[in-house]
Amino acid sequence: MSAGLRPPEAPAFHAGEQALQDRVGVRERMGEIGPMVLRDHMPDQHRELFEKLPTLLLGALDAHGQPWATMVAGPPGFVHTPDAHSMQVAVPPDAADPALAQLAPGTPVGVLGLEPHTRRRNRMNGRVAAFGAQGLAVDVVQSFGNCPKYIQARAPGLREVVTPPAPPQALGPQLDAAALALITRSDTLFIASASAARPGAARNEGVDVSHRGGEPGFVHVKHTAQGVVLSVPDYPGNLFFNTLGNLALHPRAGLLWVDYDGGGLLHVAARSELLWDDASRAPWPGAQRVLRLHVLGGVWRANALPWRWTAAQAAPQFGVLRARAAG
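The sequence shown begins at 315 in the numbering used here and counts up one residue at a time.
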């Protein structure tokens, strides 16, 4: 390459995302939209949201290429954005947290800022600049907004007396009764995914963490001899296919359920497959695909968060989807 010449910019979407966009007939359109909405910096309105949140979702990869998702918490302001290209999170390293334990300078990290009671959410995928007693510093690689669809609205509040976090409890592929009860009653989960077991440095590569919502019980549970299998509907979205595109290239997922009443976190590692047939989608009116997740193991962390939340106000989209399916 001649001196002074730069390699061409990578496309806004990687090959996995493009393949799914092609399958549903929107690849050309998304190729035009992507560069306009997938930025290399955080707009001011994103920074404003991040800095007032009491929680933040993070995704990271372990040494085996398994993604893990987590939620960290602090008083509003514990997330700070010194400028549009960097973020600081006042959270110390924690070996008990399967996602935080993987973060070190240079590693990719997925970030999701979600304010449930207003249904605002923004994503930022980056690289760790530093992580230690002073907190986590992240350099922005990719930043973009998400619509408010499918978010169950709830507001956080701090208990007068908060029980200290309990030691983490390792779970096998069958999980346990308490974990399964949390999954089957939940209306929200989070998914960490990655473009590869070791993502490259291009802007369209890295780790991502995203939100999935549904009516209570929307995650279906099946027991097999090998372990628990979970089925999650994929509803109409922004057609970016960030999560599903990652899973098409690297079919490992890190799942997270929050116990909004007790402050616990259930982290689950899974292997994924994507189903498109009508029979698989039938239990969920309006679903366009089904993500099937074969549980590999998990970690339960009781009292991991200081926040407790109000009862959820249902997202309006599910009633609309049911009405459409009924004709």
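All C-beta atoms in this analysis are idealised placements derived from N, C-alpha and C, irrespective of residue type, glycine included. Nothing here was measured: the structure is a model prediction, and the numbers come from that model.
| message | Using a Cβ-Cβ cutoff of less than 8 angstroms, which residues in the same chain neighbour Gly-318 once the five nearest sequence positions on both sides are dropped? | response | For Gly-318, the predicted model reports a pLDDT of 41, less than 50, meaning its position is unreliable; a value from the coordinates is still stated below. Around Gly-318: no qualifying Cβ.
DSSP three-state label for Met-315, please. Bear in mind that a pLDDT of 30 at Met-315, under 50, signals an unreliable position, so the model cannot answer this.
| field | Gln-631 versus His-378 - alpha carbon distance | value | 37 angstroms
* To do: Would you list the one or two residues that DSSP bridges to Lys-536?
  => Val-543
### Contacts around Ser-316, its chain only, beta-carbon distance under 7 angstroms, and the 5 residues preceding and following it disregarded
Any reading at Ser-316 must be qualified, since the residue scores a pLDDT of 32, below 50, and its modelled position is unreliable; no value is offered.
- Where does Gly-641 sit, in a helix, a strand or coil, going by DSSP? coil
| field | Residue closest to Pro-389, alpha-carbon to alpha-carbon, out of Val-403, Pro-481, Gln-466 | value | Val-403
Discussion item. Using the Cβ count rule (16 or more neighbours within 10 Å means buried), how would you classify Met-350?
Written reply: exposed
Subject >> Per DSSP, cross-strand counterpart(s) of Trp-623 >> reply: Pro-470
**Asked** Within 10 angstroms of its Cβ, does Gly-471 collect 16 or more other Cβ (buried), or is it exposed?
**Response** exposed
Original post:
Less than 8 angstroms separating the beta-carbons of Arg-509 and Pro-381?
Top reply: For the record, residue 509 in the displayed sequence is Ser; it is not Arg. Cβ distance not < 8 angstroms, so Ser-509 and Pro-381 don't count as in contact.
Would you say Ala-601 and Pro-565 are within 8 angstroms of each other, going by their C-beta atoms? no
Item to complete: Pick helix, strand or coil for Gly-691, following the three-state DSSP scheme.
Response: An answer regarding residue 691 cannot be provided, because it is not within the stretch 315 to 641 covered by the chain.
Give me, in chain order, the residues of the same chain whose beta-carbon lies closer than 6 angstroms to that of Glu-450; leave out the 5 immediate sequence neighbours on both sides. Checking the sequence shown, residue 450 turns out to be Leu, not Glu. Only Val-403, Val-405 meet the Cβ criterion.
CA-to-CA distance, His-525 to Ala-495, given in whole angstroms
20 angstroms
Does DSSP classify Met-438 as helix, strand or coil? strand
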